[in-house]
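Working notes, beginning with the structure itself.
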Amino acid sequence: MKIAYCTIASANYLPQVRVLQASLLAHNPQAKLHILLCERPEICTALSDECDHAFISPEKVCPAWLQMAFYYEITEFNTALKPYLLEYLLDQGYDAVFYVDPDIEIFGSLAPVENLLHENDLILTPHVCHPMPLDGLKPGIDEIIRAGQFNLGFIGMTNSSEARCALRWWQDVCLEHCLFDSNHHYFVDQFWAAALPSFIQRFHCLRSPAYNMAYWNLFQRRLDFDGTHWLTDDGELRFFHFSGLKMDGPVLVSRHQNRVTAPQGSP
Numbered sequence: 000m001k002i003a004y005c006t007i008a009s010a011n012y013l014p015q016v017r018v019l020q021a022s023l024l025a026h027n028p029q030a031k032l033h034i035l036l037c038e039r040p041e042i043c044t045a046l047s048d049e050c051d052h053a054f055i056s057p058e059k060v061c062p063a064w065l066q067m068a069f070y071y072e073i074t075e076f077n078t079a080l081k082p083y084l085l086e087y088l089l090d091q092g093y094d095a096v097f098y099v100d101p102d103i104e105i106f107g108s109l110a111p112v113e114n115l116l117h118e119n120d121l122i123l124t125p126h127v128c129h130p131m132p133l134d135g136l137k138p139g140i141d142e143i144i145r146a147g148q149f150n151l152g153f154i155g156m157t158n159s160s161e162a163r164c165a166l167r168w169w170q171d172v173c174l175e176h177c178l179f180d181s182n183h184h185y186f187v188d189q190f191w192a193a194a195l196p197s198f199i200q201r202f203h204c205l206r207s208p209a210y211n212m213a214y215w216n217l218f219q220r221r222l223d224f225d226g227t228h229w230l231t232d233d234g235e236l237r238f239f240h241f242s243g244l245k246m247d248g249p250v251l252v253s254r255h256q257n258r259v260t261a262p263q264g265s266p
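Just so you know, numbering that gives the first Met the number 0 puts 108 at position 109 of the sequence shown, and the rest follows in order with no gaps.
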């Protein structure tokens with residue numbers, strides 16, 4: 000099976016993309032990371048030359064990219080292009096595609112999740128896998144439900160007819176409705192993508208704690224360092240999602256939560 004990996008970022012996020020790319024290749028040397036750079040075509044060309052990497056420009060994946068760039072703020076714009084990028088790569092002859100957020104670091108082989116694509120057309124990771132108390136801490140289960148049951152920092156899709164149909168629907172809603180709107184509880188593309196398992200029969204909910212560990216589930220999962228590897232309840236950590244990490248306050252784990260802190264001096 001021919002599988003593509005991809006991510007989306009604006010130029011200010013390229014340092015994080017470099018970490019993702021290096022860590023992906025370190026543990027999955029056969030993988031190639033396709034990067035959609037959300038800048039004007041001439042900037043994509045210039046940065047491709049400077050960084051020695053052929054970035055994909057928005058005009059390549061979405062005819063309405065310029066309209067969307069003026070309509071959305073930067074995070075909305077980046078996420079709105081996700082279903083367009085997935086279909087663009089499938090059109091290049093790939094049998095399946097994995098999208099990975101640029102603030103993710105890979106810590107192990109992704110072969111096990113690649114193997115899931117032989118029997119599934121859609122793979123998503125839930126934000127939490129165990130019940131949460133209504134204790135007033137953040138994130139709360141009500142916030143998670145409104146933001147979307149699944150975290151769209153990671154998604155795997157195949158080139159099946161059902162997946163293609165779902166992608167076209169996802170593109171339609173992201174054209175004007177990929178919004179972060181607290182009054183209406185919209186949370187960009189993630190709000191809408193919560194419906195994808197209803198549209199694709201061969202769906203796998205990836206509940207393993209080794210994948211997509213982040214502030215929203217860290218308090219429900221084991222994470223230890225044995226001096227060489229990070230370990231979870233399901234073996235070696237596969238990837239960690241550093242969403243909301245403050246470089247001047249890393250012990251807080253994420254600016255979006257107050258449930259956990261990283262011990263001072265921890266690796």
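Cβ atoms here follow ideal geometry from the backbone N, Cα and C, with glycine treated the same way.
- Given 8 Å, three or more beta-carbon pairs between the segment 158 to 170 and the segment 228 to 236: no
- Message: So the candidates are Pro196, Gly226 and Ile2; which of them puts its Cα closest to the Cα of Asp90?
- Response: Ile2
- Task: Would you give the residue range spanned by the beta strand (DSSP E) that Cys204 belongs to?
- Result: Phe202 to Cys204
- Close-in-space but distant-in-sequence residues of the same chain around Leu174 (CB under 8 Å, 5 per side omitted): Ala63, Met67 and Ala79
- Query: Can you find at least 3 beta carbon pairs, one from the segment 123 to 136 and one from the segment 212 to 220, that sit closer than 8 Å?
  - Reply: yes
- Message: If you reduce the DSSP assignment to three classes, tell me which class Asp223 lands in.
- Response: strand
- Going by other Cβ atoms of all chains shown within 10 Å of its Cβ, with 16 needed for buried, is Arg237 buried or exposed? buried
- Message: Quick check on the burial criterion: 16 or more other C-beta atoms within 10 angstroms. Buried or exposed for Met0?
- Response: exposed
- Pick from Gly147, Asn27, Pro57 and Lys81: whose alpha carbon is nearest that of Met156? Lys81
- Quick one: Cα of Ser22 to Cα of Phe106, how far? 7 Å
- Task: Note down the Cα distance separating Tyr12 from Pro101, rounded to an integer number of angstroms.
- Result: 8 Å
- Query: Which residues in the same chain have their Cβ closer than 6 Å to the Cβ of His203, if we skip the five residues on either side of it in sequence?
  - Reply: Leu115, Asn119 and Ile122
- Task: Throw me the rounded Cβ distance for the Gly152 and Ile73 pair, which I believe falls under 8 Å.
- Result: Not a contact, Cβ separation roughly 16 Å.
- Task: Give the secondary structure of Tyr87 by DSSP, where H, G and I count as helix, E and B as strand, and everything else as coil.
- Result: helix
- Item | Whole-number beta carbon distance between Tyr98 and Leu85, since they are thought to touch under 8 Å | 6 Å
- Message: Here's a check: name, in chain order, each residue in its chain whose Cβ is nearer than 7 Å to the Cβ of Phe76, leaving out the five neighbours to either side.
- Response: Cys37, Met67 and Ala68
- Where the beta strand (DSSP E) containing Trp229 begins and where it ends: Trp229 to Thr231
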